[in-house]
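Those letters in the sequence shown? Residues 364 to 592, by full-length UniProt numbering.
Since the structure comes first, as structure tokens, the remarks are kept for the end.
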Amino acid sequence: EPELRFDDVHFAYHPDRPILQGLSFVVPAGKTVAVVGPSGAGKSTLARLIFRFYDVQAGAIRIAGQDIRDLTQDSLRRAIGIVPQDTVLFNDTVAYNIAYGRPGASQQEIVQAAQAARIHTMIAASPEGYATRVGERGLKLSGGEKQRVAIARTLLKNPPILIFDEATSALDSANERAIQQELQKAAQGKTTLVIAHRLSTVVDAHEILVMDAGRIVERGTHAQLLAQG
Ligand code: ADP
Ligand code: ADP
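So this is what it looks like as structure tokens:
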């Protein structure tokens with residue numbers, strides 16, 4: 364797996380208002396690093412830079428040592444899988460939503476990804492069996508299940524780098540814990556950047572970066588940050 368690195372990244376939407384002011388950190392290969400901070404800190408901006416919705420104005424973002432500006436749009440897409448905050452699904456089958464944009468995927472792979480992400484609440488009750496229901500139109504999915512579909516999408520894609528962009532913020536606390544566990548399983552062995560609102564949702568990260576006003580103001584493990592108050 365590649366490492367993901369921010370080297371002294373600067374970014375502003377408007378020249379007179381700097382947003383990211385010299386952001387440096389490393390997500391080591393196969394590890395999970397979390398970014399937490401209040402709203403307005405610059406967390407979504409940081410995610411947009413990784414996808415090159417915008418380019419950095421100074422410094423660089425590197426994947427396996429390579430400046431992402433030197434990668435093709437295609438290889439950047441292949442390298443990164445994202446689980447966003449609100450997954451918007453097509454009005455189609457679960458299978459279609461899992462496999463969208465992955466023309467090579469077989470039915471069996473799609474069903475395996477659905478099972479691994481445990482998209483089950485609607486589906487397990489069915490006597491016709493899992494594979495049939497995954498291919499059924501018009502299933503009503505809850506918010507938690509939509510996030511499971513997003514997780515299944517990334518499992519099927521199997522990218523080396525994962526970004527969880529407030530992936531559980533829209534869920535109630537019971538669902539949040541359940542989806543948290545699925546995300547942790549999906550992140551196993553992957554280079555993972557977790558963007559989160561609260562410290563309590565990123566307990567297991569290798570390192571946690573606390574951001575405020577475009578800078579990292581504290582960093583450490585969950586235990587270290589708690590000890591500092
Ligand atoms: P967070 O995700 O931590 O809430 P954001 O990255 O969304 O923070 O925002 C950081 C700062 O950038 C905020 O002050 C916000 O108002 C500003 N900002 C975000 N998006 C834009 C944009 N498209 N144009 C101008 N300013 C923006
Ligand atoms: P694919 O594009 O192959 O369907 P993903 O769903 O994992 O795979 O999305 C990866 C790419 O899609 C990213 O590189 C990014 O450009 C874009 N993308 C999708 N959703 C978002 C989002 N919520 N925020 C930013 N980028 C996104």
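Beta carbons: idealized from backbone N, C-alpha and C, even for Gly.
No experiment lies behind these values; they were computed from the predicted model shown.
Within 8 Å of the C-beta of Ser-532 there is not a single heavy atom belonging to ligand 1. With distances taken between CA atoms, Asp-371 lies nearest to Leu-383 out of Pro-378, Pro-523, Ser-469 and Leu-383. Within the same chain, Ile-473, Ala-476, Ala-477, Val-512, Ala-515, Arg-516 and Leu-519 come within 7 Å of Ile-461 by CB-CB distance, once the 5 residues on both sides are set aside. DSSP, reduced to helix, strand and coil, places His-483 outside both helices and strands of the structure shown, so it counts as coil. Assignment of Thr-554 by DSSP, reduced to helix, strand and coil, places it in the strand class. Under DSSP, Asp-430 shares a beta bridge with Arg-425. The Cβ-Cβ distance between Ile-443 and Ile-526 falls below 9 Å. Bounds of the alpha helix (DSSP H) holding Gly-507 are 506-520. Remark: C-beta atoms of Val-457 and Leu-412 do not approach each other more closely than 9 Å. Excluding its 5 nearest sequence neighbours in each direction, Pro-391 has C-beta neighbours in its own chain below 6 Å: Glu-366, listed in chain order.
Near ligand 1, meaning a Cβ closer than 6 Å to any of its heavy atoms, lie the following residues in chain order: Tyr-376, Ile-382, Gly-400, Ser-402, Gly-403, Ala-404, Gly-405, Lys-406, Ser-407 and Thr-408. Here Arg-500 is exposed. Its C-beta has fewer than 16 other C-beta atoms within 10 Å.
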